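Data first, discussion second: the structure below is written as structure tokens.
Number of protein chains: 2
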Amino acid sequence: MAIVRKVKPVERFSVTRERILDTAIGLFSTKGYSGATTREIAQQAGVAEVTLFRHFTSKEKLLEAVISHYSAIPGLKSFLPKALEMPYEEALVGMADMFLDTLVQIKDWIRVMHAEVQRSPDKFIAIYHSFLDELLEIFASYFRELQKRGVLRNFDPDLGARVFHSMFYCFFNMEELLGRKKYRPTDRTKAVREFVSLFIRGTLATQG
Amino acid sequence: MAIVRKVKPVERFSVTRERILDTAIGLFSTKGYSGATTREIAQQAGVAEVTLFRHFTSKEKLLEAVISHYSAIPGLKSFLPKALEMPYEEALVGMADMFLDTLVQIKDWIRVMHAEVQRSPDKFIAIYHSFLDELLEIFASYFRELQKRGVLRNFDPDLGARVFHSMFYCFFNMEELLGRKKYRPTDRTKAVREFVSLFIRGTLATQG
DNA sequence: TATCAATGTAAGTAAGTACTTACACATTAA
DNA sequence: TTAATGTGTAAGTACTTACTTACATTGATA
Chain L
3 MAIVRKVKPV
13 ERFSVTRERI
23 LDTAIGLFST
33 KGYSGATTRE
43 IAQQAGVAEV
53 TLFRHFTSKE
63 KLLEAVISHY
73 SAIPGLKSFL
83 PKALEMPYEE
93 ALVGMADMFL
103 DTLVQIKDWI
113 RVMHAEVQRS
123 PDKFIAIYHS
133 FLDELLEIFA
143 SYFRELQKRG
153 VLRNFDPDLG
163 ARVFHSMFYC
173 FFNMEELLGR
183 KKYRPTDRTK
193 AVREFVSLFI
203 RGTLATQG
Chain Z
3 MAIVRKVKPV
13 ERFSVTRERI
23 LDTAIGLFST
33 KGYSGATTRE
43 IAQQAGVAEV
53 TLFRHFTSKE
63 KLLEAVISHY
73 SAIPGLKSFL
83 PKALEMPYEE
93 ALVGMADMFL
103 DTLVQIKDWI
113 RVMHAEVQRS
123 PDKFIAIYHS
133 FLDELLEIFA
143 SYFRELQKRG
153 VLRNFDPDLG
163 ARVFHSMFYC
173 FFNMEELLGR
183 KKYRPTDRTK
193 AVREFVSLFI
203 RGTLATQG
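Protein sequence lines correspond, in order, to chains L and Z.
3 is the number of the first residue of the first sequence in the numbering used here; add one for each residue after it.
3 is the number of the first residue of the second sequence in the numbering used here; add one for each residue after it.
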């Protein structure tokens with residue numbers, strides 16, 4: 003609290019705001035919307051509870067602010083042109099790694115969205131799935147281009163994108179969100195390589 | 003309430019218990035543990051709130067009862083021997099369909115577990131992942147057998163099982179849990195066929 | 001007929017919740 | 001010096017929550 007006062011007053015407002023948002027997303031993601039209390043958020047953020055309400059007026063609006071503040075678009079899009087100039091397998095490994103890193107970064111946001119979509123679907127389904135569409139389109143456009151070049155066979159690129167997405171999202175979901183890495187962790191590098199290999203070559207023996 | 007009284011008194015106790023459990027899992031899954039209230043659960047179940055506490059003593063114990071009551075093991079295991087006598091592609095489609103049906107059946111249980119693993123990991127991580135291990139082992143043992151027979155090439159069967167699992171779990175997760183089917187539904191039959199095809203043949207063009 | 005088990009009704013407790021109001025304090029800009 | 005801004009402290013409101021207690025009611029059974 004005293005800490006905040008030492009900051010330039012112009013920045014003070016936004017610093018306080020960010021501190022509250024940072025604490026809020028953490029508590030919302032672990033305790034759920036109802037389970038997280040405004041008192042605890044304020045305490046952990048090191049501000050008075052009334053300050054929280056002065057910034058966000060209500061708990062519900064704080065949640066909305068949290069969701070829109072952390073829905074950063076992944077830097078995956080910028081990787082696409084590079085990927086097109088790499089060998090297929092190498093590109094897939096790179097995309098997978100980048101994708102997993104992104105997911106870990108927005109872990110809490112995903113957790114919150116997952117819970118909120120159940121609680122008030124009308125409010126959050128569109129937000130979440132437009133985010134997802136953007137992501138899937140990155141993968142799909144990559145596959146479409148490689149199909150044009152004749153590198154890939156003629157599968158549905160949108161469903162292909164979903165398979166690629168599934169493998170790594172599910173890995174992230176298990177290890178990070180469902181705590182498998184605390185239970186029986188899986189070697190990420192090994193998994194990525196094997197997943198990519200399966201995605202490229204499939205499972206069948208007698209080919210080529 | 004009057005309805006319950008017409009039931010044989012021997013059965014009455016378990017009927018009431020089940021009604022409460024049925025309502026509880028629905029409310030826990032949509033509103034979260036803190037968001038669901040014992041009053042609402044009792045009202046929706048058509049019993050007095052005090053009856054709920056006479057059956058389960060506390061809200062926390064009700065949650066535990068809910069989780070253990072609905073963690074039914076899927077009938078997938080019994081499909082395995084049949085699958086081994088079917089053509090590979092047909093078997094995979096069958097397993098996928100069965101898996102998706104199972105997931106839809108235990109949808110609420112999965113939702114609750116997903117939330118509770120965040121809230122109190124120590125209590126629920128082991129439960130969830132031992133359930134998952136059992137599931138993955140079914141897939142893995144199938145792949146292992148087909149590798150022995152020389153039908154499949156030599157990939158890691160455990161990671162192969164995770165890829166197979168991922169494709170369909172993620173489909174379920176998106177469509178059912180995250181409400182994509184209300185936003186832009188995907189044709190399940192088509193998706194299953196394409197996913198299986200990709201899993202068998204991979205994405206690469208120049209093979210065979 | 002009397003007993004017992006499962007339920008209901010009703011009232012209440014103690015604690016917590018989101019949110020408000022009123023006032024004081026410090027820092028900066030006019 | 002004064003005014004404005006962002007914050008803290010403190011008290012309080014109206015409501016909800018999980019859970020309890022005491023007593024009445026029902027239906028089957030012994």
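Cβ atoms here follow ideal geometry from the backbone N, Cα and C, with glycine treated the same way.
None of these values were measured; they are calculated from a predicted model.
As assigned by DSSP and simplified to three states, the class of residue i
i	result
Z/L102	helix
L/L78	coil
L/L206	strand
Z/L29	helix
Z/L23	helix
L/L154	strand
Z/I129	helix
L/I69	helix
Z/E91	helix
L/R195	helix
L/I43	helix
Z/A4	Low confidence applies here, because Z/A4 scores a pLDDT of 42, under 50, leaving its location unreliable; read the following figure in that light. Three-state result, Z/A4: helix.
Z/T188	coil
Z/I112	helix
L/S60	coil
Z/G34	helix
L/S143	helix
Z/S122	coil
Z/F180	Here the sequence assigns Leu to residue 180 of chain Z, which means Phe is not the residue at that position. Residue state, collapsed to three classes: coil.
Z/V165	helix
Z/G96	helix
Alpha-carbon spacing of residue i relative to residue j, whole angstroms
i	j	result
Z/S132	Z/E139	11 Å
L/E136	Z/V106	26 Å
Z/S70	Z/A47	19 Å
Z/F215	Z/A67	The requested residue 215 of chain Z does not occur in the structure, where chain Z is confined to residues 3 to 210.
L/E147	L/P159	10 Å
L/S60	Z/A207	55 Å
Z/E2	Z/R190	With chain Z running from 3 to 210 in the structure shown, residue 2 of chain Z is simply not present.
L/E13	L/M115	29 Å
Z/L161	L/E42	41 Å
Z/S31	Z/E118	10 Å
L/F166	L/F55	43 Å
L/L86	L/F197	20 Å
Z/K125	L/G34	17 Å
L/Y72	L/S143	25 Å
Z/F174	Z/P123	23 Å
Z/E20	Z/F58	12 Å
Z/L2	Z/R113	In the structure as shown, chain Z begins at 3 and stops at 210. Residue 2 of chain Z is therefore absent and cannot be evaluated.
Z/L134	Z/E62	24 Å
Z/K211	Z/E92	Residue 211 of chain Z is absent from the structure shown; chain Z starts at 3 and stops at 210.
Z/R151	L/R151	36 Å
Own chain residues within Cβ distance below 7 Å of residue i, not counting five before or after
i	result
L/V194	V95, A98 and D99
Z/K192	none
Residue j beta carbon less than 8 Å from that of residue i
i	j	result
Z/I127	L/Y171	no
L/G64	Z/Y130	Reading off the sequence shown, one finds Leu at residue 64 of chain L, where the question assumed Gly. Against a cut-off of 8 Å, the Cβ pair of Z/Y130 and L/L64 comes out as no contact.
Z/G37	L/R182	no
Z/R155	L/T205	yes
Z/I27	Z/D103	no
Expected contact under 8 Å - CB spacing of residue i and residue j to nearest Å
i	j	result
Z/I108	Z/A74	7 Å
Z/T18	Z/T40	Z/T18 to Z/T40, Cβ: 15 Å. No contact.
L/F157	Z/S168	L/F157 to Z/S168, Cβ: 17 Å. No contact.
L/V1	L/Y90	The structure shown does not extend to residue 1 of chain L, since chain L is modelled only from 3 to 210, so the question has no answer here.
Contact set for residue i: own chain, Cβ-Cβ below 6 Å, skip 5 residues either direction
i	result
L/R203	none
L/T25	I43, Q46 and A47
L/S80	none
L/Q149	none
Contacting residues, own chain, Cβ-Cβ under 8 Å from residue i (five flanking each side not counted)
i	result
Z/P187	E177
Z/L82	I140, S143 and Y144
L/F201	L94, V165, F166 and M169
L/L78	M97, M100, F101, T104, L137 and I140
Z/M88	G96
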